[in-house]
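Have a look at the structure below before the remarks.
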Amino acid sequence: MKHQILFTSLLCCVFAAQAQTCEGGLYLNPQVIRGEGSSQTESALRELIEFVRPTGLSVAPVLNIRETQDVLTAIKKPAPPCWVYGNPVVGLASGYRPVAINMDPIQSAVLILADVGSEKDNKPVDLKKLPPDQQAKVLAKLKTTSCFGMKSGVTTSLVKAENLCGTVIEVMPQQGLGQSYLPTKAAFQWQADKWVGLITRLQTAQGSTMKNHHGTDERIHMAQLFIVPATHPSWGYGIYVHSSVPADTVKKVGSQFISLKTSNPLLLKALDLGKTYEFAVPPDAAVEGMRKVLAP
1 MKHQILFTSL LCCVFAAQAQ TCEGGLYLNP QVIRGEGSSQ TESALRELIE
51 FVRPTGLSVA PVLNIRETQD VLTAIKKPAP PCWVYGNPVV GLASGYRPVA
101 INMDPIQSAV LILADVGSEK DNKPVDLKKL PPDQQAKVLA KLKTTSCFGM
151 KSGVTTSLVK AENLCGTVIE VMPQQGLGQS YLPTKAAFQW QADKWVGLIT
201 RLQTAQGSTM KNHHGTDERI HMAQLFIVPA THPSWGYGIY VHSSVPADTV
251 KKVGSQFISL KTSNPLLLKA LDLGKTYEFA VPPDAAVEGM RKVLAP
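Numbering (this note's numbering), first residue to last: 1 to 296.
Set out below in structure tokens:
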């Protein structure tokens, strides 16, 4: 009888282990990317969990991640995460199925801090507005320039894939030092005879100046600013789901995101959504196309 009970217990353990193929999720927290403090980071995490919970997806544990390597490490565990919410860099790295993606395009660009000019705190000039010969000079100089970008950021990956910069220096996101830190870092690296680039979204680059920044050389306020956009856009944040998640749960997840209509500022920040967004299931061809666009 004892042997039978022991054998039955072992079978139960085996079946339980087989049934529990994944647990919890991974979250590329946009508040961490922005460099917000712990309270904002934790608030975003709670908002995401409460939004996902009704779908039936496992929400324990949900871990904040900062880079692709965090994903690659997690998916090798005996109980890998059931889902990943983040940009296509970390999402596609997981190999999970993209279930609902914000298809509102992200256009990345390099903001170049170039030679000393004649105007103080001037606005940046788009590359296409320069004469053809000057465009060629800017692009050639950029090929020898160091650019700063966020590690595992989609804007950084797009620029790296097109080899726009001579060197891309990736900054690890952390509390207090996020995307807003990049202009400061670039300003301190700039010299009158040394160009520096920072990688950001095109809209952000277009609204940038050096007015509120300082560097080792105060002539930074006289630096000419140029914008070189990347050729290919990317889609935004989305949820990627492990193959072991039941089909009915996957369907609920897709419906939860695709039908989302909210003005809740906390949830919008948690999901990294702007004023406009559109969740959809990307077709296989679009997924493969995005893989190629992001490939270095």
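Glycine is no exception: its CB is placed at the ideal position from the N, C-alpha and C atoms.
Bear in mind that the values here come from a model prediction, so they are computed numbers and not experimental data.
Taking one C-beta from the segment 58-66 and one from the segment 21-41 each time, how about it: are there three or more such pairs within less than 8 Å? yes
Would you identify the three-state DSSP class for residue 194, choosing helix, strand or coil? strand
Would you kindly check if the distance between the Cβ of residue 104 and the Cβ of residue 231 is under 7 Å? no
From residue 271 to residue 48, what does the alpha carbon distance come to, in whole angstroms? 7 Å
Based on the DSSP secondary-structure assignment, which residues constitute the bridge partners of residue 34? Paired residue(s): none; residue 34 is not in a bridge.
Determine the direct distance from the alpha carbon of residue 238 to that of residue 203, and round the result to whole angstroms. 21 Å
Just checking, does the segment 205-220 make contact with the segment 183-190 on the three C-beta pairs under 8 Å criterion? yes
Could you tell me how far apart the beta carbons of residue 158 and residue 293 are, in whole angstroms, since I believe they sit closer than 8 Å? 7 Å
Every unbroken alpha helix (DSSP H) within the segment 124-191, with a cutoff of 4 residues, ordered by chain: 132-142, 154-161, 182-189
Please state whether DSSP places residue 336 in a helix, a strand or coil. For residue 336 there is no data in the structure shown, the boundaries of the chain being 1 and 296.
According to DSSP, simplified to helix, strand and coil, what is residue 238? strand
What three-state label does DSSP hand residue 86 in the structure shown? strand
Do you know whose CA, among 125, 116, 167, 200, lies nearest residue 219's CA? 116
Alpha-carbon spacing of residue 192 relative to residue 113, whole angstroms: 10 Å
Quick check: what's the CA-CA separation for residue 100 versus residue 280? 5 Å
Is residue 72 helix, strand or coil by DSSP? helix
Considering only the beta carbon of each residue, do residue 229 and residue 32 sit closer than 7 Å? no
So, for residue 90: in the same chain, excluding its five sequence neighbours on each side, which residues have a beta-carbon less than 7 Å away from its beta-carbon? 28, 65, 68, 71, 84, 152
Spatially closest choice to residue 265 from 257, 274, 258, by CA coordinates: 274
Please determine, among 196, 187, 53, the residue with the shortest C-alpha to C-alpha distance to residue 167. 196
Check the C-beta distance from residue 221 over to residue 96 and give it rounded, since I have them as a contact under 8 Å. At roughly 46 Å, the Cβ-Cβ gap does not stay under 8 Å, so residue 221 and residue 96 are not in contact.
Which residue's Cα is closest to the Cα of residue 78: 145, 160, 133, 22? 22
Taking 8 Å as the limit between beta carbons, can you name the residues of its chain near residue 290, skipping five residues before and five after? 88, 92, 234, 235, 282
Residue closest to residue 58, alpha-carbon to alpha-carbon, out of 154, 267, 121, 81: 81
Cα separation between residue 263 and residue 250? 25 Å
C-alpha gap between residue 286 and residue 46, whole angstroms: 31 Å
Within 10 angstroms of its Cβ, does residue 288 collect 16 or more other Cβ (buried), or is it exposed? exposed
Alpha-carbon to alpha-carbon, residue 187 and residue 127: 20 Å
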